[in-house]
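Just so we're aligned: the sequence shown equals residues 1309 to 1386 in our numbering.
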Amino acid sequence: MKAEYLAKVILPPFIIFAVLVALTIAKVISGWLMYGLWIIGFVVANIIVTKITAKWSYQRRRELRMKEEKKNAENKDK
(Lines of atoms letter the chains of each structure in order from A and count residues from 1; the text may use other names and numbers.)
(Lines give C-alpha, C1' and ligand atoms only; values in the text may rest on other atoms or scores of the structure.)
Protein backbone atom coordinates (compact mmCIF):
# COMPACT_ATOMS: atom_id res chain seq x y z
CA MET A 1 0.00 0.00 0.00
CA LYS A 2 1.32 3.44 -0.88
CA ALA A 3 2.40 5.86 1.82
CA GLU A 4 -0.12 8.49 0.71
CA TYR A 5 -2.96 5.99 1.14
CA LEU A 6 -1.69 4.96 4.55
CA ALA A 7 -1.51 8.60 5.59
CA LYS A 8 -5.13 9.12 4.53
CA VAL A 9 -6.21 6.15 6.63
CA ILE A 10 -4.04 6.72 9.69
CA LEU A 11 -3.97 10.51 9.98
CA PRO A 12 -7.66 11.37 10.60
CA PRO A 13 -8.18 8.87 13.46
CA PHE A 14 -4.80 9.84 14.92
CA ILE A 15 -5.77 13.51 14.96
CA ILE A 16 -9.20 12.77 16.45
CA PHE A 17 -7.78 10.67 19.27
CA ALA A 18 -4.84 13.01 19.89
CA VAL A 19 -7.30 15.85 20.49
CA LEU A 20 -9.46 13.66 22.73
CA VAL A 21 -6.44 12.50 24.74
CA ALA A 22 -5.20 16.08 25.13
CA LEU A 23 -8.63 17.29 26.26
CA THR A 24 -8.97 14.39 28.67
CA ILE A 25 -5.51 14.87 30.17
CA ALA A 26 -6.07 18.62 30.51
CA LYS A 27 -9.34 17.76 32.28
CA VAL A 28 -11.29 19.95 29.88
CA ILE A 29 -13.69 17.08 29.33
CA SER A 30 -14.73 14.61 31.98
CA GLY A 31 -17.60 12.43 33.05
CA TRP A 32 -20.39 11.70 30.62
CA LEU A 33 -19.18 14.31 28.15
CA MET A 34 -15.86 12.48 27.93
CA TYR A 35 -17.58 9.14 27.34
CA GLY A 36 -19.81 10.66 24.69
CA LEU A 37 -16.99 12.39 22.87
CA TRP A 38 -14.86 9.23 22.88
CA ILE A 39 -17.73 7.19 21.46
CA ILE A 40 -18.39 9.84 18.80
CA GLY A 41 -14.65 9.88 18.05
CA PHE A 42 -14.60 6.12 17.49
CA VAL A 43 -17.67 6.29 15.25
CA VAL A 44 -16.32 9.18 13.18
CA ALA A 45 -12.88 7.55 12.84
CA ASN A 46 -14.48 4.29 11.68
CA ILE A 47 -16.66 6.10 9.16
CA ILE A 48 -13.68 7.97 7.72
CA VAL A 49 -11.55 4.84 7.39
CA THR A 50 -14.45 2.84 5.92
CA LYS A 51 -15.22 5.56 3.39
CA ILE A 52 -11.59 5.75 2.24
CA THR A 53 -11.10 1.99 1.98
CA ALA A 54 -14.44 1.53 0.19
CA LYS A 55 -13.43 4.15 -2.37
CA TRP A 56 -10.11 2.36 -2.97
CA SER A 57 -11.83 -0.99 -3.29
CA TYR A 58 -14.35 0.42 -5.77
CA GLN A 59 -11.61 2.00 -7.87
CA ARG A 60 -9.54 -1.18 -7.86
CA ARG A 61 -12.52 -3.31 -8.93
CA ARG A 62 -13.39 -0.81 -11.67
CA GLU A 63 -9.83 -0.95 -12.99
CA LEU A 64 -9.88 -4.75 -12.99
CA ARG A 65 -13.24 -4.76 -14.79
CA MET A 66 -11.91 -2.33 -17.42
CA LYS A 67 -8.84 -4.52 -17.99
CA GLU A 68 -11.05 -7.59 -18.30
CA GLU A 69 -13.37 -5.85 -20.79
CA LYS A 70 -10.39 -4.66 -22.81
CA LYS A 71 -8.93 -8.17 -22.83
CA ASN A 72 -12.28 -9.65 -23.90
CA ALA A 73 -12.63 -7.07 -26.66
CA GLU A 74 -9.15 -7.91 -27.97
CA ASN A 75 -9.96 -11.63 -27.92
CA LYS A 76 -13.17 -11.04 -29.92
CA ASP A 77 -11.25 -9.07 -32.56
CA LYS A 78 -8.92 -12.00 -33.19
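Every residue gets a Cβ at the ideal spot worked out from N, C-alpha and C, and that includes glycine. If you're wondering where the values come from, they're calculated on a predicted model, not measured in any experiment.
Pair within 8 Å by beta-carbon distance, Leu-1328 and Trp-1346:
Annotated as proximal: Leu-1328 and Trp-1346, with beta-carbon spacing under 8 Å.
Using a Cβ-Cβ cutoff of less than 7 Å, which residues in the same chain neighbour Val-1357 once the five nearest sequence positions on both sides are dropped?
Val-1317 and Pro-1321
Would you grab the beta carbon distance between Ile-1324 and Val-1352 for me? Rounded to a whole angstrom, and I think it's under 8 Å.
6 Å
Which first and last residues belong to the alpha helix (DSSP H) in which Lys-1316 is found?
That run of the alpha helix (DSSP H) goes 1311-1333.
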